[in-house]
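Visitor: Residue numbers (the numbering used here), protein chains in the order written: chain A, 299 to 895; chain B, 29 to 297.
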Amino acid sequence: MAGPKCIRARRLQRGAALLVLLVVVVLGASWFLISRTSALSAGIFTASNRDHNALVLNQAKQALIGYVAMNAAQSGENNPGRFPCPEGAALVGTSAEGISAPYVGPPNAPTCATVGRLPWRTLGLDKLVDSSAEPLWYVVSPGWQLVTSTTTLTINSNTIGQLNVDGQANAAVALIIAPGAAMNVLASAGCTARNQARSAPSPAIDARDYVECFNTGTSTFATTGPTMSFNDQVVRITVADVMPAIEAAIASRVEREIVPLLKGVYATNIWGANVSAGNPVYPFAAPFADPSLTASYQASSASCAGGVCKGLLPVMFSNAPGTSTPCTPSVGSPCDPTFVRWVSPPAPVFTRTGGAALGSPAPSCSVLAASVDCTVTANVPLLGGGTSMSFTLAATANNVGMAMRKFDTTVAMTGIDPAGRSVVSAPMAADGSARVTLSGSIPIGGGNLISSLLCTLLGLTCYQMNISMPIALLADHPVLNSTDPVTGWFMRNEWYRVLYYAAAQTTTPAALPTAPACNPGTSCVTVSNLTPANNKRAILILTGRSINGTARPSGTLADYLEFGNAAGSFERQPVSTAVDATLKKPFNDRIVVVDFN
Amino acid sequence: MRARQHPPGSAGFSLVELAIVLLVVTLMLSSLLYTLAAQTEQRNFEDTRRRLEQARELVLAFAIVNGRLPCPARANSAGVEVRNAAGECKDAANVEDYYGGTPGGVVGGLLPAVTIGFPTVDAAGFAIDAWQNRIRYAVAKTITNCSGTATLPHFENATWLKGNGISCQPSDLLICKSGTGITGTTCGSAANQVMSQNLVVTIVFSTGKNAATSGGTGVDEAANLNGDQIFVFHVPAPNGAANGEFDDQFTWITVGELYGKLIAAGVLP
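#1: If you measure between the beta carbons of N72 of chain B and K237 of chain B, is that distance less than 8 Å?
#2: If you measure between the beta carbons of L201 of chain B and R162 of chain B, is that distance less than 8 Å?
#3: Kindly list the residues whose CB is nearer than 7 Å to the CB of C196 of chain B, restricted to its own chain and excluding five residues on each side of it in sequence; keep chain order.
#4: Throw me the rounded Cβ distance for the I714 of chain A and I740 of chain A pair, which I believe falls under 8 Å.
#5: In angstroms, rounded to a whole number, what distance separates the CA positions of A543 of chain A and V670 of chain A?
#6: Across the segment 586 to 602 of chain A and the segment 849 to 867 of chain A, are there enough close Cβ pairs to call them in contact, namely three or more that are closer than 8 Å?
#7: With P814 of chain A and N577 of chain A assumed to form a contact (beta carbons below 8 Å), what rounded beta-carbon distance in angstroms separates them?
#8: In the DSSP output, which residue or residues are listed as bridge partners for F519 of chain A?
#9: What does a CB cutoff of less than 7 Å around P405 of chain A pick up in its chain, not counting 5 residues either side in sequence?
#10: Compile a chain-ordered list of the residues in the segment 525 to 552 of chain A whose CB is closer than 8 Å to at least one CB of chain B.
#11: Measuring only between beta-carbons, confirm whether N173 of chain B sits less than 8 Å from chain A.
#12: How close, in whole Å, do the beta carbons of G193 of chain B and A371 of chain A come, if the pair is a contact with beta carbons under 8 Å?
#13: If you run the structure through DSSP and keep just helix, strand and coil, what is D878 of chain A?
#14: Give a yes or no on whether the minimum CB-CB distance between A186 of chain B and chain A is below 8 Å.
#15: Identify whether F330 of chain A lies in helix, strand or coil by the three-state DSSP scheme.
#16: Spatial neighbours of T848 of chain A within its chain, please: C-beta separation below 8 Å, excluding the five flanking residues on both sides.
#17: At what residues does the beta strand (DSSP E) containing F233 of chain B begin and finish?
#18: Which residue or residues does DSSP assign as beta-bridge partners of K608 of chain A?
#19: Would you list, in chain order, the members of the segment 222 to 243 of chain B that have their beta-carbon closer than 7 Å to a beta-carbon of chain D?
#20: Might you give, ordered along the chain, the residues of its own chain that have their beta carbon closer than 6 Å to the beta carbon of I363 of chain A, omitting 5 neighbours on each side?
#21: Return the Cβ separation of A802 of chain A and G605 of chain A in integer angstroms, given the expectation that the two are a contact with Cβ distance under 8 Å.
#22: With a threshold of 8 Å between beta-carbons, can M29 of chain B be considered close to chain A, or not?
#23: Less than 8 Å between the C-beta atoms of A152 of chain B and A106 of chain B, yes or no?
#24: Could you check what DSSP says for K205 of chain B in three-state terms: helix, strand or coil?
#25: Taking any Cβ of chain B, which residues in the segment 863 to 881 of chain A have a Cβ under 9 Å from it, in chain order?
#26: Apply the 10 Å Cβ neighbour rule to E272 of chain B and answer buried if 16 or more other Cβ atoms are within range, or exposed otherwise.
#27: Between the alpha carbons of L319 of chain A and G40 of chain B, how many angstroms are there, rounded?
#28: Closer than 7 Å, Cβ to Cβ, to anything on chain B: give me those residues from the segment 814 to 841 of chain A, in chain order.
#29: Which residues mark the beginning and the end of the beta strand (DSSP E) in which C672 of chain A is found?
#30: I'd like to know if the segment 491 to 505 of chain A and the segment 442 to 458 of chain A are in contact, where contact means that at least 3 CB-CB pairs between them fall below 8 Å.
#31: Give me the subset of the segment 421 to 438 of chain A whose CB atoms are less than 7 Å from a CB atom of chain B, sorted by chain position.
#32: Step through the CB atoms of chain B and report whether any lies within less than 8 Å of the CB of L389 of chain A.
#33: Whole angstroms are fine: how far does the CA of F788 of chain A sit from the CA of D887 of chain A?
#34: Given this structure, state the Cα-to-Cα distance separating A467 of chain A from A520 of chain A, to the nearest angstrom.
#35: Applying the criterion that 16 or more other CB atoms from any shown protein chain within 10 Å of the CB defines a buried residue, is Y365 of chain A buried or exposed?
#36: From this set, B:R102, B:G268, B:H262 and B:T279, which residue's C-alpha is nearest T230 of chain B's C-alpha?
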């Protein structure tokens with residue numbers, strides 16, 4: 299009979315299978331919970347790490363941009379806008395670590411590398427570290443850092459960053475990198491295999507042990523890459539990031555260093571009876587055209603309309619910078635040795651003012667390409683008599699009021715005594731020409747002795763002398779000297795290519811010979827939002843980088859100036875990259891007042 | 029008498045078993061408490077660091093809105109900066125305070141929490157760290173390297189900050205690695221400086237956990253409370269360290285950051 303057996307077996311069952319099942323379920327649930335928690339916390343951990351990295355990277359970026367701007371604003375900084383070099387590799391681990399190369403002093407680190415650690419001490423930061431406790435790394439584009447102390451840079455609003463980032467050319471000026479933990483980098487597209495080892499002491503510290511997937515030879519870097527090849531976190535500093543800060547500094551320096559020079563170009567009565575420091579003449583503007591072309595800097599009275607002469611600053615120069623020898627024209631350079639030149643008519647006039655008498659024939663002068671040459675005959679008594687003839691020579695130079703010139707009486711002048719030369723007057727005409735009168739003396743002994751019967755009969759010694767007044771007498775104004783240690787940055791960095799100029803017509807040569815001045819509200823330049831608005835004699839506008847998406851250079855004014863400025867109704871607005879036409883944004887024109895009533 | 033019978037399977041625990049269990053539980057609890065204490069300290073440290081960062085951001089935000097940096101608060105100013113009409117960090121009695129100390133007999137150099145809108149404050153309105161100690165603040169007074177005018181106060185007066193321009197650098201505040209060898213105006217040697225000179229415009233710091241007890245008695249911590257322009261900051265050091273216990277936490281703003289933010293905001297130049 300099976301009945302009682304079955305009951306006994308049921309009594310023997312104690313639910314062990316159920317317990318085992320329970321254990322299995324609990325274990326499974328625990329495994330699931332732990333694995334999920336682990337995955338979740340790993341995600342949180344990664345997010346937290348990235349968050350920390352983003353924080354320190356951004357702090358470093360802000361400090362770096364501000365540091366660049368502050369240095370650019372310093373008088374004497376000849377390369378405004380330059381970035382500091384990375385930390386000198388030899389300084390790693392020393393008491394001088396964190397200082398930008400080239401650092402002079404033990405341990406010496408003269409080289410400026412493209413890739414290195416962030417110069418945190420130079421920037422004034424704490425030694426910022428990423429979530430892996432690694433100091434930040436830093437990359438600077440070619441053209442933005444001084445490789446040696448003799449390097450010069452050309453940084454202006456049109457300058458591009460030359461770093462190729464994630465395959466995009468000219469994408470950044472600098473990168474700041476959180477290197478993350480050391481990893482075994484596997485080869486992949488753009489990444490070279492390397493098992494990173496970080497025990498290398500200075501100066502052997504190798505960027506490849508910290509930063510992945512880059513090539514300094516081609517300035518190629520990455521902000522992302524395959525997990526097995528890349529674990530950096532990168533923030534880039536683009537031209538758009540840094541240029542507003544640099545332009546702000548440049549506007550300040552133009553105001554401090556360039557404006558006083560501009561005010562003094564034609565500010566003495568030598569240029570006209572009514573010209574003075576209080577009523578200086580401002581040159582005509584060059585009608586706006588593509589600023590990358592030489593011809594665009596030829597100023598003319600055609601730039602004047604509606605009482606305002608406006609366009610590019612007339613920076614056409616004649617001589618090689620800092621010399622009195624003609625410059626060599628090249629594509630785009632505002633060099634033209636013949637732009638300001640002697641002209642005839644009106645013919646040059648030689649006038650004897652003292653000393654040896656004039657002989658026969660009468661003095662004759664001719665206007666050549668680069669000089670006014672005169673032939674003068676002097677008669678000197680055999681016994682006694684003057685040894686020199688003092689004179690004045692008047693000649694007309696064209697386009698003086700279309701450029702910026704000063705007198706240099708020390709230049710070589712054939713037949714004229716270097717001592718005692720002076721320019722007596724050079725009244726400028728309404729067309730921009732100037733009638734220059736040079737005063738000097740001619741040493742008689744330097745002339746050719748003339749064998750003449752008449753001279754012998756009269757008891758005279760007769761000389762024929764050739765003198766020459768070169769156009770170099772009208773030298774380039776110092777504002778155009780790109781080798782000047784204080785203001786040379788302006789021309790050498792070609793800021794004139796992004797500088798717009800406007801002057802009241804009544805302050806230009808067009809007003810002469812009456813006093814160059816303007817009346818507020820009528821003949822002065824008006825700039826809205828610059829109180830008082832209507833009393834400006836001359837202004838400059840730093841046009842800033844292109845913010846309408848067009849590539850530079852461009853021959854369209856609206857690609858440089860915004861809103862009213864492009865239309866001739868000058869205005870100052872807050873600099874902003876926001877896009878809202880009703881609020882006149884974006885806007886990056888910076889007004890610099892040259893002179894006002 | 030009949031001995032009391034235990035039912036089978038319910039013999040109970042012996043004293044030895046109970047002792048072992050209690051020992052294990054005690055060990056577990058003590059290690060847990062130790063971990064908890066350490067975690068609390070770590071949390072306080074992190075919390076203070078976060079508050080300092082927040083204060084730093086608020087000072088920068090204040091600068092963007094007002095075009096200048098705030099002056100420090102004093103113990104009797106209810107968390108408000110002490111600044112006169114000319115923008116100098118001076119009180120009505122003309123006593124100035126840029127670097128802390130006890131100007132006019134009250135504790136100065138406090139973070140002006142009310143002025144900058146710092147949320148975590150004590151009953152008197154002062155910003156506090158995680159240990160309820162007041163957060164300190166110092167601001168640059170003097171400037172150098174100005175290419176144009178150099179009218180003071182520069183950083184605390186919006187008109188002069190704009191007028192003097194961004195070429196001006198602070199010339200006073202300096203953070204040193206050690207209190208040994210420092211003077212009232214220098215770190216003693218360039219090697220003792222944390223950063224190059226002329227770069228720090230404000231310092232925001234906490235006096236750490238030990239502020240209420242031994243805070244300020246060590247050489248290094250004392251340098252941060254003596255009211256001069258030289259501060260000392262390094263990694264925490266225990267009680268027996270050469271220059272005494274050190275647990276101050278620092279953050280500062282460089283002149284580059286300040287100018288960069290003000291330019292980006294259109295406040296400068």
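All C-beta atoms in this analysis are idealised placements derived from N, C-alpha and C, irrespective of residue type, glycine included. Every value quoted in this text rests on a predicted model; they were computed, and no experiment measured them.
Guide: On the basis of the data shown:
#1: yes
#2: no
#3: I171, N173, C174, A178 and H182
#4: 6 Å
#5: 49 Å
#6: yes
#7: 5 Å
#8: A:V463
#9: Note that P405 of chain A has pLDDT 48, beneath the 50 cutoff, so the model's placement of it is unreliable and the number below is only indicative. Answer for P405 of chain A: A388, L389 and T392, listed in chain order.
#10: P542, A543, A546, A547, A549, S550 and R551
#11: yes
#12: 6 Å
#13: strand
#14: no
#15: helix
#16: T854 and D857
#17: V228 to S234
#18: A:A800
#19: Of the protein chains in the structure, A and B, none is chain D.
#20: V540 and A543
#21: 7 Å
#22: In this prediction, M29 of chain B scores a pLDDT of 44, lower than 50, which makes its location untrustworthy; the coordinate-derived value is nonetheless stated afterwards. It does not: the Cβ of M29 of chain B has no partner Cβ on chain A nearer than 8 Å.
#23: yes
#24: coil
#25: P872, V873 and S874
#26: In the sequence as presented, Glu is not what sits at residue 272 of chain B; that position holds Gly. Classification of G272 of chain B: buried, given that the 10 Å Cβ count is 16 or more.
#27: 29 Å
#28: none
#29: S669 to P679
#30: no
#31: L421, G422 and L423
#32: no
#33: 18 Å
#34: 12 Å
#35: buried
#36: B:T279
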